[in-house]
Structure formats: C-alpha cells, structure tokens
Amino acid sequence: MEFTYKISNIKVYSTDSQTDIIKEATLHIIGTEGDQTYENFLPIDLAEPAGSFTEFAKVTESQVESWLTGTLGEEQLTANKEGLESLVNNPMFSSTIPTRDTPELKELVS
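Residue numbers (this note's numbering): 38 to 147.
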C-alpha cells in the first residue's frame, strides 16, 4: 500500500506577541492499493511553539505534516497505516468507503 498525507481543519489562536499560532490540525492518512483508496483522519493538538516561530502565511504543508506526524509518533503512525492495510480485500468494506471528505448521505427513518 502506498501512503500519502493531507492536512485539513487547521485551528489557530493568537497571543500578545504572535498571531495565528496553529493549535490543532487534522492529519489524513491516505492508503492506495491499486484503484482502491482508504483513509483515516486524526485531529491532533500541537504543543506551544518553542524557540523560533514561523508566521502562518509562511508555513508550508510539509512543515505542518512534519509537526503532526512527529506529535503522533512513529508507533501510532505505523498502527494507523497497518489498520488501513487491513481493509484491503476485507469483505466488511465496500470499494467506496466514506471518508471525512467524501461522506455518505443517510436519512433517518421515522
């Protein structure tokens, strides 16, 4: 399985000396196997910035990805990837798995 990442839902706050400090962001782990795509997402809180500070306008997606994966840790990252790999050829899952970006529409039954 080939894995990629995507970042969404970035939440920021400001202090007296800094603006738009990233507090939280959602890390999407996307696994692709052939023509099938599986996705997991995790909102992750980031620690207060220590040392140098990069203004939000200058922050890159790869920086945020690095902060999020570093905060999550290699062990948790591996566990999430293994979870996605376990979905391949699993009869419990259809070929179209609803994700945060492609949710399934449902209606309540009265």
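Backbone N, C-alpha and C define an ideal beta-carbon position, used for all residues, glycine too.
Query                                                                                                                            : Result
Does the Cβ of ALA62 have 16 or more other Cβ atoms within 10 Å, making it buried, or fewer, making it exposed?                  : buried
Does DSSP put SER103 in a helix, a strand or coil?                                                                               : helix
Would you report the Cα separation of ILE58 and GLY71, rounded to the nearest angstrom?                                          : 38 Å
Which same chain residues, not among the five before or five after LEU114, have their C-beta less than 7 Å away from its C-beta? : THR106
In the DSSP assignment, find the beta strand (DSSP E) that holds ASN46 and state where it starts and stops.                      : 39-50
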